[in-house]
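Peer 1: Protein chains in written order, with numbering that gives the first Met the number 0: chain A, 0 to 462; chain B, 0 to 498.
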Amino acid sequence: MTAYFFEFFPHLALAIGGLAVLGAAMFRAHPPRGLLPGLAAFFALLPGLWAFWPDTVASGMTTFFAGLLSVVTLATLGLLSRYADRRGFAGDALYGLLLWSALGMLLLAEATNWLMLLLGLELASLCLYALVAARVDDRLGAEAALKYFLPGAMALAVLVFGISLIYAGSGSLDINESLAAGGPLVAAGLTLALLGIGFKLSLAPVHLWTPDVYQGAPAPIAAFLSTGSKTAVAAALLHLAAEAPTDAANALWPALMGIAGLTMAIGNIGALCQKSLKRLLAFSSIAQMGYVVMAALAVENGGGEAALFYLAAYALMDLGAFGAVGALSNNAADRDAIESYRGLGYVHPWRTGALALCLLSLAGMPPTAGFLGKFLVFGATLRAGYAGLAIFGMLMAIIGIFYSLRVVATLYMREATAAHPVIPAPAGPAAGLTLWAVSAGIVALGVFPGPLLAAIARIVGAE
Amino acid sequence: MRQLPWLTLLIFWPLLAALTMPLLRRSRTACRRFALTASLIELAMAGRVAFFFAGPKADLPLLEDVAWIPDLGIRYTLTLDGLSLVFVLLTAFIGVCCMLASRHDDAARPALYHALILASLSTVQGVFLATDVFLFALFWEAQLLPVFFLIGIFGHGERMRVAIKFFLFSAVGGLLMFLAVIALGIYAADSFQEPTFALDALTKLELPVMAGRWLFAAFMLSFAIKIPLLPVHMWLPDAHTEAPTAGSLILAGLLLKTGGYAVIRFALPLFPEAVATFAPLLMFLGLLGLFYASAVALAQEDVKRLIAYSSIGHMGLAVTAIMAGSRLALGGAVILMVSHGLTAGGLFSMAGMIGERLGSRRIAILGGLWNKAPRFGAAFLFCVLAAAALPGLSGFIGEAMSIFGLFQTHRPAGLFAVAGMAATLIYLLRLARDVLFGPPRTNAAFPDLDARELVLMGALALAILWLGLFPNAVLSIIADPLDQIASLVWPTTAPRLGL
């Protein structure tokens, strides 16, 4: 019993944490300001501590994602607490749903069983639908939630159909076992399952919901959405790619290659012509997922390690970027138009500095985590023999540099205009601390990646 | 004293100084003093390191080597041999010049301005010292960032567009080279059974012929953009013209040199086969650049733009000399690059002074400065003559060695190079005539050099004169490293020709 308790400690912590937040609100109708986020942060911290416990019994994937999701959830809470408070949508439901959504992501990332995968995905998504619409008086948010929900339901249907085909073809719900069985039904099912996952990962050509949702969602929620949910779904993709039977792989890999290329192209070129920063970041996150798919293709050649490192780096970059957008916004609406960021670098040097650092990291500039992430991902791709795709990816990365620079240049090289007030709401100590921590993490991962790489090597070695 | 990690200090001292600059942002004078002191300390450290070369040469080159990312075989390896030393000294010297160059550009945000200059010194020193190819690629990319902000924030005209153009051009090359570095690492990991990015190990790598050529092309594209070689030079005139004076100094004095240095240090020894194949093409492009730059420079209306084009010509000649396959020309190319760093530095400084005094740098409003401002005129003429390779000044040694070397291996190329230098003379003399002599075309006052500018130009002039009169100091320092590189690239034709 104790062993079970220890093994499922992070899951329990997140589940109970959600209940505790709801319960606290039940007993205190008007809880003091820091209580609910503090409570949620405490429970979000526990999986992270557990991940660093010396002799864990759980699988490497669980440990890694317990740590990563703990970081993501904590950072989101830090960014969200003051933001939500000032805009009047803070509450027990917000923080409870956040924790449960993280629980779903954890289940999804570590799933070895198709039903668990489905359950995790749905738990995470259902909570997220509500979170996107958390700001009830904001029509854009409601619209975004609907736009997120409909493709999500579609993706679910496709995924469920795929899983049922796999079950019919192999007679097993265990992911490894069923995929090892092979056969045409399993291959067809896997195709559909990958399509469903592609929806969630916003791979081209099923990416269309992403910009609208990220633009409409409150910035900290968009941060959570683009990091937590994406990394967990990408973990599932990596798992499937690693276990895919040879015949299915032979048929699917060329298509996946095309999807990776298309995703990088659409993400980067799409971002090029955006006038809204949140949409630009959304397209950029589409492009980043293209790199992850590229690494997933090379999963036999160290792509798994590369993708996990890239996901960790990406999580930090997007948390920082969306977080900074939230911290630079005033109460009425998020600061969205790129024009409104003119000259902001001199008015709010710290918050803007975090934004610039994240953008440069997304562009893959040294000495940030993005530089090393690109190094690993492209290394794995070349090693697997996809030289053409790697060169194409690099060319797309150059476009990525262009739009990131355009924003950075707007921040520092143009004069502020009167049309856009430069005074945002105060970010609050938690958000400031989070931005600091995320920025430090980005530089630390870029300069001293050794510990994380060693941890990832242990995980992949153990799998 | 040898125990101190001198090379690490050389790289990270300016960065550290840059990071402390914001504390002084309230006072412009404090910023200037601190930045100047920091760059003087950097120069002193470079001088201290050079001192190791004067003693018995037992434990050279200086080496600092620490495992950095062991899983990937990436090491933090800095090596200082004679070739690096020359450029490290140049960097530290140009750094001091940058701090003296302008009292106008830093008006708005002095702390940021000086911090960016210091940061770019830091990254450039990194490029000159790194011998782990991954580390080199990291510094290579990183050196774009400070210059990007320097141009974009403190530049003139359409600075934002120009800064982005500069960055994109360089990043295109940089990222493709980055891909080539990764591929090189994979080949190395396969053939040595363990991952490594050490330059020494990689030079022993037996690459497949076609792969070697592709990788060389990727490396060379990146270097060619930085040098810049002819078809990929388009970023340079804009960037040099719109950059603040210190930015132009860094661009012409240092960034272009990183390109030439990287060709010698990395492209030659890593891909000897591809060098032999592509050398004629690269020599042709270099010579073409020499003529093209002369022709375009003649048509320029802006002093700074004209000098920018002269950079293309001089660096084109340097590339031709590097690729000539002659040890003599290789040494000449190094001298040529150092000399160009000094003369272009001087000319850009004075173009900046013209702009600050008159508010415009158009040749149409200049003329007669020789009489109006005799000290300025003398310094300007000195730099023009040094760029035109007057015997006794630094340009002459480099060009003479390059051309003698070219005649040894490629006689027609040597002939064209001589003709190209003659073409260079035309626009340089025209520049001197239009700026210094003839009747003044405006009545605007033109104050002569003040004390700070005198110190700056005096230091540059002394360096130019010293290099022109006593080139042997530099030549003997770079002899050993260049011999080693030449024996790797041209094993059959590597007897020490001449010097």
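Yeah, the Cβ is synthetic: ideal placement off N, Cα and C, and Gly gets one too.
Here the structure is a predicted model, which is why all the values come from computation and not from measurement.
Helix, strand or coil for B/Cys-30, going by three-state DSSP, please let me know.
Peer 2: Three-state result, B/Cys-30: helix.
Peer 1: In terms of alpha-carbon separation, which member of B/Gly-330, B/Leu-18, B/Met-314 and B/Asp-237 lies closest to B/Leu-111?
Peer 2: The shortest C-alpha separation from B/Leu-111 is found at B/Leu-18.
Peer 1: Less than 7 Å between the CB of B/Ile-364 and some heavy atom of the ligand FAD, yes or no?
Peer 2: The ligand FAD is not part of the structure shown, which contains no ligands of any sort.
Peer 1: How would you write the range of the beta strand (DSSP E) that B/Ile-541 sits in, first residue to last?
Peer 2: With chain B running from 0 to 498 in the structure shown, residue 541 of chain B is simply not present.
Peer 1: In the segment 48-74 of chain B, which residues sit with their C-beta less than 8 Å from some C-beta in chain A, listed in chain order?
Peer 2: Cβ contacts with chain A: Trp-67, Ile-68, Pro-69, Asp-70 and Leu-71.
Peer 1: For B/Ala-162, which residues in chain A fall below 9 Å Cβ to Cβ?
Peer 2: Near B/Ala-162 (Cβ distances below 9 Å), the residues of chain A are Leu-404, Ala-408 and Met-412.
Peer 1: Could you name the residues of chain A that B/Glu-140 contacts, counting a contact when the two beta carbons are closer than 8 Å?
Peer 2: In chain order: Met-364, Pro-365 and Phe-370.
Peer 1: At what residues does the alpha helix (DSSP H) containing B/Glu-193 begin and finish?
Peer 2: Taken as a continuous stretch (DSSP letters only), B/Glu-193 belongs to no alpha helix (DSSP H), as it is neither H nor E.
Peer 1: Taking 8 Å as the cut-off, decide whether the C-beta atoms of A/Ser-228 and A/Ala-123 are in contact.
Peer 2: Contact: yes.
Peer 1: One question on the structure: do A/Ala-101 and A/Thr-62 come within less than 8 Å of each other, judged by their Cβ atoms?
Peer 2: No.
Peer 1: Going by Cα to Cα distance, which pick from B/Thr-76, B/Ala-66 and B/Gly-344 is closest to B/Trp-5?
Peer 2: Measuring from the Cα of B/Trp-5, the nearest candidate turns out to be B/Thr-76.
Peer 1: Mind listing which residues of the segment 385-399 of chain A have their C-beta closer than 7 Å to chain B's C-betas, in chain order?
Peer 2: Within the segment 385-399 of chain A, the residues whose Cβ lies closer than 7 Å to some Cβ of chain B are Ala-389, Ile-390, Met-393, Ala-396 and Ile-397, listed in chain order.
Peer 1: If you follow the alpha helix (DSSP H) that A/Arg-27 is in, where does it begin and where does it stop?
Peer 2: Premise fails: A/Arg-27 is in no alpha helix (DSSP H) and is neither H nor E.
Peer 1: In this structure, what does DSSP give as the bridge partners for A/Asn-112?
Peer 2: Per DSSP, A/Asp-173.
Peer 1: Residues bridged to A/Val-292 by DSSP?
Peer 2: Partner(s): none; A/Val-292 has no beta bridge.
Peer 1: Buried or exposed for B/Met-0, going by 16 or more other Cβ atoms inside 10 Å?
Peer 2: Residue confidence for B/Met-0 is low, a pLDDT of 48 falling below 50, so the modelled location carries little weight and cannot support an answer.
Peer 1: Would you grab the beta carbon distance between A/Met-60 and A/Leu-200 for me? Rounded to a whole angstrom, and I think it's under 8 Å.
Peer 2: With 8 Å as the limit, A/Met-60 and A/Leu-200 do not qualify as a contact, their Cβ atoms being about 17 Å apart.
Peer 1: Just curious, the alpha helix (DSSP H) that B/Leu-77 is in, first and last residue?
Peer 2: Run containing B/Leu-77: none in the alpha helix (DSSP H); it sits in the beta strand (DSSP E), 73-79.
Peer 1: For B/Ala-387, which three-state DSSP category applies?
Peer 2: Three-state DSSP puts B/Ala-387 in coil, outside helix and strand.
Peer 1: Would you decide whether A/His-29 is buried or exposed? Buried here means 16 or more other CB atoms lie within 10 Å of its CB.
Peer 2: When all chains shown are included, A/His-29 counts as exposed.
Peer 1: Along chain B, in chain order, which residues have C-beta atoms closer than 7 Å to that of A/Ala-439?
Peer 2: The premise fails here: A/Ala-439 is roughly 14 Å from chain B at the closest Cβ pair, so nothing lies under 7 Å.
Peer 1: In the DSSP assignment, find the unbroken beta strand (DSSP E) run with B/Val-65 in it and report its ends.
Peer 2: Taken as a continuous stretch (DSSP letters only), the beta strand (DSSP E) holding B/Val-65 covers 61-68.
Peer 1: Between A/Pro-46 and A/Leu-97, which are expected to be in contact by the criterion C-beta below 8 Å, what is the C-beta distance as a whole number of angstroms?
Peer 2: Actually they do not touch by this definition, with Cβ atoms about 13 Å apart.
Peer 1: Taking only beta-carbon atoms, is B/Phe-218 less than 8 Å away from chain A?
Peer 2: With 8 Å as the cut-off, B/Phe-218 does not count as an interface residue toward chain A.
Peer 1: Using a cut-off of 7 Å between C-beta atoms, extract the partners of B/Ile-249 located in chain A.
Peer 2: Those do not exist, as B/Ile-249 stays about 18 Å from chain A at its closest Cβ, beyond 7 Å.
Peer 1: In three-state terms, what does DSSP make of A/Arg-350?
Peer 2: If DSSP states are grouped into helix, strand and coil, A/Arg-350 belongs with the helices.
Peer 1: Extract the residue ranges of the alpha helix (DSSP H) inside the segment 313-348 of chain A, only unbroken runs of 4 or more that lie entirely within it.
Peer 2: For the segment 313-348 of chain A, whole alpha helix (DSSP H) runs of length 4 or above, ordered along the chain, are 343-346.
Peer 1: Assign A/Phe-7 to one of two classes, buried (16 or more other C-beta atoms within 10 Å of its C-beta) or exposed (fewer than that).
Peer 2: Exposed: under 16 other Cβ atoms inside 10 Å.
Peer 1: Mind checking which residues open and close the alpha helix (DSSP H) that includes A/Ala-234?
Peer 2: Residues 229-242.
Peer 1: In or out: A/Ala-234 buried (at least 16 other Cβ within 10 Å) or exposed?
Peer 2: So A/Ala-234 ends up on the buried side.
Peer 1: Residues of chain E with a CB under 7 Å from the CB of B/Ile-181: which are they?
Peer 2: This model lacks chain E altogether, as its protein chains are A and B.
Peer 1: My assumption, with CB atoms under 8 Å, is that A/Leu-189 sits in contact with A/Leu-207. Please give the rounded CB distance.
Peer 2: Actually they are not in contact, since the Cβ atoms of A/Leu-189 and A/Leu-207 sit about 24 Å apart, beyond 8 Å.
Peer 1: Counting contacts by CB-CB distance shorter than 8 Å, is B/Ala-242 in contact with chain A?
Peer 2: False, the Cβ-Cβ gap to chain A never drops below 8 Å.
Peer 1: Can you tell me the Cβ-Cβ gap for A/Ala-133 and A/Ile-220, rounded? I've got them flagged as a contact below 8 Å.
Peer 2: With a Cβ gap of about 7 Å, A/Ala-133 and A/Ile-220 count as contacting.
Peer 1: Leaving out five residues before and five after B/Pro-21 in sequence, what residues of the same chain have Cβ atoms less than 6 Å from its Cβ?
Peer 2: Once the five neighbours on either side are set aside, the close Cβ partners of B/Pro-21 are Ala-110.
Peer 1: So, does the CB of B/Ala-129 fall closer than 8 Å to a CB anywhere in chain A?
Peer 2: No, B/Ala-129 lies away from the interface with chain A (no Cβ there is under 8 Å from its Cβ).
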